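Everything on this sheet refers to the single structure shown next.
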Amino acid sequence: MVQPLEILKKKFGYSGFRDQQSEIINHVLAGKDAFVLMPTGGGKSICYQVPALILDGPTVVISPLIALMKDQVDALRVNGIAAAFINSTQSSHEQAQVFRQLEDKELKLIYLAPERLLSHDGQMIGYLKRLGVSLIAIDEAHCISQWGHDFRPEYLLLSRLKMELPEVPVIALTATADKLTQKDILEKLALHRPKTFLSSFNRANIQYMVAPKSDSYQKLLDFLGEHQDEAGIIYTLSRQSTEGLSERLSEAGYAARPYHAGLERKEREKNQDLFLKDEVKIIL
408 MVQPLEILKK KFGYSGFRDQ QSEIINHVLA GKDAFVLMPT GGGKSICYQV
458 PALILDGPTV VISPLIALMK DQVDALRVNG IAAAFINSTQ SSHEQAQVFR
508 QLEDKELKLI YLAPERLLSH DGQMIGYLKR LGVSLIAIDE AHCISQWGHD
558 FRPEYLLLSR LKMELPEVPV IALTATADKL TQKDILEKLA LHRPKTFLSS
608 FNRANIQYMV APKSDSYQKL LDFLGEHQDE AGIIYTLSRQ STEGLSERLS
658 EAGYAARPYH AGLERKEREK NQDLFLKDEV KIIL
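The sequence shown lines up with residues 408 to 691 when you count with this note's numbering.
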């Protein structure tokens, strides 16, 4: 069997695992269920993407966020990993193409929304059974808990996964869950003797600074001038501020694009793609 570290280096370009990643991956590869609580940016996706490239059948990733699905699939494809998603943004023809790829064993990871997985009286689960799924990853797992801040009723149906696919390991992941929410997640997903992995939320690679907002635009230009070749995200308080600041930065010679819910979907996706491909350095 190919070793996880070899996959990490060859496909993702990292020289070594962080924190509990290696332990989590080996636990999943042993066919056991896991619950992972790890901060945003801590490397949760590696915990199921590496096993997905080692196991024989496809890995199903349940995600509630369409934009996140696209981000992950695009990043995987850039690394030469066969991945796809099925969601409401696609035409029936596009979805049919993905199903053909699955049937031809051309995909290692398939991203689905929970409502898609459990629609049509569970036909999708039956379909996945026939495909021989090797691993199920449930991202943003706090959505299943009524104690969680992003509760999604459709997530409650995910307990059917262990009933229908009892031999397939499930890894549930989240960056936000207190003790009550953690307990609720484990009960509602009906995982089989899962091991819980709790990572430290101390992010040594993040620096926090607070400064007065006086002359904020000039301070921003000074900061950007010190980080000319780096990429970054700027958060503003309104769509109007996003548009205005993006325009001002563009006029100042920075490759900046807006990204907010008021944009047309095609423009938003285009700006996102440009940022991911490093053709745009700043997204707002």
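In this text, a Cβ means the ideal position worked out from N, Cα and C, and glycines have one as well.
Just so we're clear, the structure is a prediction, and the values are computed from it rather than from any experiment.
Discussion item. Do L542 and I532 count as a contact pair if the criterion is CB distance below 8 Å?
Written reply: Locating residue 532 in the sequence shown gives position 125, where the first residue counts as 1. Locating residue 542 in the sequence shown gives position 135, where the first residue counts as 1. No; because the gap between Cβ atoms is not below 8 Å, this pair is not in contact.
Discussion item. Considering only DSSP beta bridges, list what A544 is partnered with.
Written reply: Along the sequence shown, one-based indexing puts residue 544 at 137. BP columns for A544 point to V468 and I578.
Discussion item. Using DSSP's beta-bridge definition, name the partner residues of T603.
Written reply: Mapped onto the sequence shown, residue 603 falls at position 196. F442, per the DSSP bridge assignment.
Item to complete: Thinking K595 and I551 are a contact (beta carbons under 8 Å), I'd like their distance in whole angstroms, please.
Response: Reading the sequence shown from its first residue, position 188 is the one you call residue 595. Reading the sequence shown from its first residue, position 144 is the one you call residue 551. Going by Cβ atoms, the distance from K595 to I551 rounds to 5 Å, so yes, they are a contact pair.
Fill in: Cβ neighbour criterion (16 or more within 10 Å) applied to K536
Looking up residue 536 in the sequence shown gives position 129. Flag for K536 reads exposed.
Discussion item. Quick check on the DSSP output: the beta strand (DSSP E) that includes A503 runs from which residue to which?
Written reply: Position 96 of the sequence shown, counted from the first residue, corresponds to residue 503. Taken as a continuous stretch (DSSP letters only), A503 belongs to no beta strand (DSSP E), being part of the alpha helix (DSSP H) at S499 to E510.
Item to complete: Give the single residue among K684, V468 and I431 whose Cα lies nearest to the Cα of L568.
Response: Within the sequence shown, residue 568 is the residue found at index 161, counting from 1. Of K684, V468 and I431, the residue nearest in Cα terms is V468.
Worksheet item: Are I414 and L460 closer than 8 Å when you measure CB to CB?
Response: Stepping through the sequence shown from its first residue, residue 414 is reached at position 7. Stepping through the sequence shown from its first residue, residue 460 is reached at position 53. It is a contact, given that the beta carbons lie within the stated cut-off.
Worksheet item: For the 8 Å Cβ check, are there 3 or more pairs between the stretch 637-649 and the stretch 665-672?
Response: yes
Discussion item. Just list the residues that DSSP pairs L516 with in beta bridges.
Written reply: For the purposes of this step, residue 516 is taken as residue 109 along the sequence shown, with counting starting at 1. In the DSSP output, where bridge partners are listed per residue, L516 has T466 and A490.
Practice prompt. Leaving out five residues on either side along the sequence, give the residues of the same chain with a beta carbon under 7 Å from the beta carbon of E513.
Written response: Numbered from its first residue, the sequence shown carries residue 513 at position 106. Hits under 7 Å: A489.
Worksheet item: Relative to the alpha-carbon of Q410, which residue among L436, L683 and T643 has its alpha-carbon at the smallest distance?
Response: By 1-based counting over the sequence shown, the position of residue 410 is 3. Ranking the options by Cα distance to Q410, first place goes to L436.
Worksheet item: For A662 versus I689, is the C-beta spacing smaller than 8 Å?
Response: As a working mapping, residue 662 is identified with position 255 in the sequence shown. As a working mapping, residue 689 is identified with position 282 in the sequence shown. Yes, the pair counts as a contact, with Cβ atoms nearer than the cut-off.
Fill in: Pairwise C-alpha distance: Y624 and V505
In the sequence shown, counting from the first residue as 1, residue 505 sits at position 98. In the sequence shown, counting from the first residue as 1, residue 624 sits at position 217. Taking the straight line from one Cα to the other gives about 46 Å.
Worksheet entry | Nearest candidate by alpha-carbon position, reference I432, set D481, E637, K602 and L538 | Here residue 432 corresponds to residue number 25 of the sequence shown, with the count starting at 1. Looking at the Cα atoms, K602 is the closest of the given residues.
Discussion item. Check whether chain B comes within 8 Å of L563, counting only Cβ atoms and requiring the distance to be less than that.
Written reply: Note that chain B does not occur in the displayed structure, where there is just one protein chain.
Worksheet item: When you compare only the Cα positions, how much space is there between D478 and P619?
Response: As a position in the sequence shown, residue 478 is number 71, starting the count at 1. As a position in the sequence shown, residue 619 is number 212, starting the count at 1. Spanning the two alpha carbons is a distance of roughly 34 Å.
Item to complete: Look up G632 in the DSSP assignment and say whether it is helix, strand or coil.
Response: Taking the sequence shown and counting its residues from 1, the one referred to as residue 632 is at position 225. It is helical.
Worksheet item: Can you list, in chain order, the residues of its chain whose CB lies under 8 Å from that of V540, leaving out five sequence neighbours each side?
Response: Here residue 540 refers to the residue found at position 133 when the sequence shown is read from its first residue. Within the same chain, V540 has close Cβ partners G464, P465, T466, V467, L572 and V575.
Worksheet item: CB-CB under 8 Å to Q502, same chain, minus the five flanking residues each way: which ones, in chain order?
Response: Position 95 of the sequence shown, counting from 1, holds the residue named residue 502. Within the same chain, Q502 has close Cβ partners I493.
Worksheet item: Closer than 7 Å: is that where the CB of R537 sits relative to any heavy atom of the ligand MG?
Response: As presented, the structure is devoid of all ligands, the ligand MG included, so that no description of it is given.
Fill in: I592 versus L565, G420 and Q679, residue with shortest Cα-Cα distance
On the sequence shown, position 185 is the one that residue 592 refers to. Here the closest residue by C-alpha is L565.
Discussion item. Please classify E445 as buried or exposed, where buried requires at least 16 neighbouring CB atoms within 10 angstroms.
Written reply: By one-based count along the sequence shown, residue 445 stands at place 38. Looking at the sequence shown, residue 445 is not Glu but Met. Buried, since its Cβ has 16 or more Cβ neighbours within 10 Å.
Discussion item. Under DSSP, the alpha helix (DSSP H) around R425 begins and ends at which residues?
Written reply: Position 18 of the sequence shown holds residue 425. Here R425 belongs to no alpha helix (DSSP H), and DSSP marks it neither H nor E.
Practice prompt. With DSSP collapsed to three states, give me the class of R537.
Written response: One-based indexing of the sequence shown puts residue 537 at position 130. Residue state, collapsed to three classes: helix.
Worksheet item: In terms of DSSP beta bridges, what is A663 paired with?
Response: As a first step, residue 663 must be located in the sequence shown, where it is residue number 256. Partner(s): I689.
Discussion item. Rounding to the nearest angstrom, what Cα-Cα distance links E671 and R655 in this structure?
Written reply: Along the sequence shown, one-based indexing puts residue 671 at 264. Along the sequence shown, one-based indexing puts residue 655 at 248. Taking the straight line from one Cα to the other gives about 21 Å.
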